[in-house]
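Residue numbers (this note's numbering): 361 to 662.
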């Protein structure tokens, strides 16, 4: 089942925070720049602060952890910019989230009264929403790109580097001087001997996300990383992000086949199609996190 991102939108003082606190008080990571600010500074000073470095670092870290761990997230926005809202919805969807849009409205007179009665601890989403957009976009893109690209890249070049980041990490890990190779064909499986790939994969297997249901197969001595082809292994580990669906689908089908074959009790869904969709999402998330770990590992030893 996909994690949920709840985007609460509406004008100033219409009741967005009230809705959030009554309907999403538990089971959701609350991303709120105002609450972070109040924890840091109390009621001292205006929002946003002149130096928002600490606020930004904490908020971004919170968003990164929530998206990486596939936690449900709720945040408030005015939502007046269709372009910004669309960009965020698409980014969260690409990161594997289901998106729920909640529009809050009320009578204009009521909103005016509440806005005039604001206390110093009641900071409007009008001032906080830009932080929320930025933090969530960064977190979603970090997951879908498998790591942080070179920040000097932008536009088409940035998209190109983002797409090839796992592939480049694979080239680095398998290249000279580690294996005495030069030249870079499309995937390492095309130029590694079986014994060389086995040596590299022993290191890569340790980078697989240990919290994924996919790895529960190892408890049954079922090893997809061995039984699926070398081409699948390299496509899953090093393939461009734009080509993730095929290896993810193969992994999901392998998992579902073994669940049936060995009568593994892991289906908590009454609907078989819902379980199949859940495993497909889990397989895709597994490969995304694995690639992210590979990129981080490559960056750490570069």
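Here a beta-carbon is modelled for each residue, glycine too, at the ideal position from N, C-alpha and C.
Simplified DSSP state of residue 418, which is helix, strand or coil
Assigned with DSSP and collapsed to three states, residue 418 falls in helix.
If I'm right that residue 435 touches residue 371 with Cβ under 8 Å, what's the distance once you round it to whole angstroms?
That belief does not hold up - the Cβ atoms of residue 435 and residue 371 are roughly 16 Å apart, past 8 Å.
Out of 641, 623, 527 and 573, point me to the one whose CA is closest to residue 651's CA.
The option with the nearest alpha carbon to residue 651 is 527.
Residue 650 in three-state terms, based on DSSP:
Looking at residue 650 - three-state DSSP - the assignment turns out to be helix.
Check residue 403 in the structure and name its three-state DSSP category.
Here residue 403 sits in coil by DSSP.
Pull up the distance between the alpha-carbon of residue 384 and that of residue 426, whole angstroms please.
Our two residues, residue 384 and residue 426, have alpha carbons roughly 15 Å apart in a direct line.
Could you check how far apart the C-beta atoms of residue 577 and residue 618 are, in whole angstroms? I think they sit under 8 Å.
Contact between residue 577 and residue 618 holds, since their C-beta atoms are separated by about 6 Å, short of 8 Å.
Measuring straight from C-alpha to C-alpha, what distance separates residue 466 and residue 366?
Those two C-alpha atoms are separated by around 20 Å.
Can you tell me whether residue 386 is buried or exposed? The criterion is at least 16 other CB atoms within 10 Å of its CB, across all chains shown.
By the neighbour-count criterion, in which 16 or more other beta carbons inside 10 Å mark a residue as buried, residue 386 falls on the exposed side.
On the premise that residue 476 lies in contact with residue 423, defined as a C-beta separation below 8 Å, what is that separation, rounded to the nearest angstrom?
The Cβ separation is near 32 Å, so there is no contact.
To the nearest angstrom, how far is the alpha carbon of residue 590 from that of residue 417?
Rounded to the nearest whole angstrom, the C-alpha separation of residue 590 and residue 417 is 40 Å.
Alpha-carbon spacing of residue 536 relative to residue 637, whole angstroms:
Here residue 536 scores only 47 on pLDDT, less than 50, and its place in the model should not be relied on; the value that follows carries that caveat. Straight-line spacing of the CA atoms in residue 536 and residue 637 works out to 41 Å.
When you compare the CB positions of residue 376 and residue 369, do they come within less than 9 Å of one another, or not?
Their beta carbons are under 9 Å apart, which means residue 376 touches residue 369 by this criterion.
Taking all protein chains shown into account, decide if residue 505 is buried (16 or more other Cβ within 10 angstroms of its Cβ) or exposed.
Buried.
Select from 388, 656, 593 and 630 the residue whose C-alpha is nearest the C-alpha of residue 607.
Looking from the CA of residue 607, the closest CA among 388, 656, 593 and 630 belongs to 593.
Quick one: which unbroken alpha helix (DSSP H) runs of 4-plus residues sit fully inside the region 575-625? Chain order, please.
Note on the region 575-625: whole alpha helix (DSSP H) runs with a minimum of 4 residues are 584-587, 590-598 and 605-621, in chain order.
Does the separation of the CB atoms of residue 428 and residue 502 fall below 9 Å?
Taking 9 Å as the Cβ cut-off, residue 428 and residue 502 qualify as a contacting pair.
For residue 540, count the other beta carbons within 10 Å of its own beta carbon; 16 or more makes it buried, fewer makes it exposed. Which is it?
Model confidence at residue 540 stands at a pLDDT of 49, short of 50, so the residue's coordinates are unreliable; what they give is reported in the following sentence. Counting Cβ neighbours within 10 Å, residue 540 comes out exposed, since fewer than 16 surround it.
Going by C-alpha distance, which of 615, 632, 462 and 403 is nearest residue 624?
Comparing alpha-carbon positions, the option among 615, 632, 462 and 403 lying closest to residue 624 turns out to be 615.
For residue 629, count neighbouring C-beta atoms within 10 Å of its own C-beta (all shown protein chains included) and say buried if the count is 16 or more, exposed if not.
So residue 629 ends up on the exposed side.
If we ignore side chains and look at the alpha-carbon of each, how far apart do residue 568 and residue 653 end up?
Going from the Cα of residue 568 to the Cα of residue 653 covers about 7 Å.
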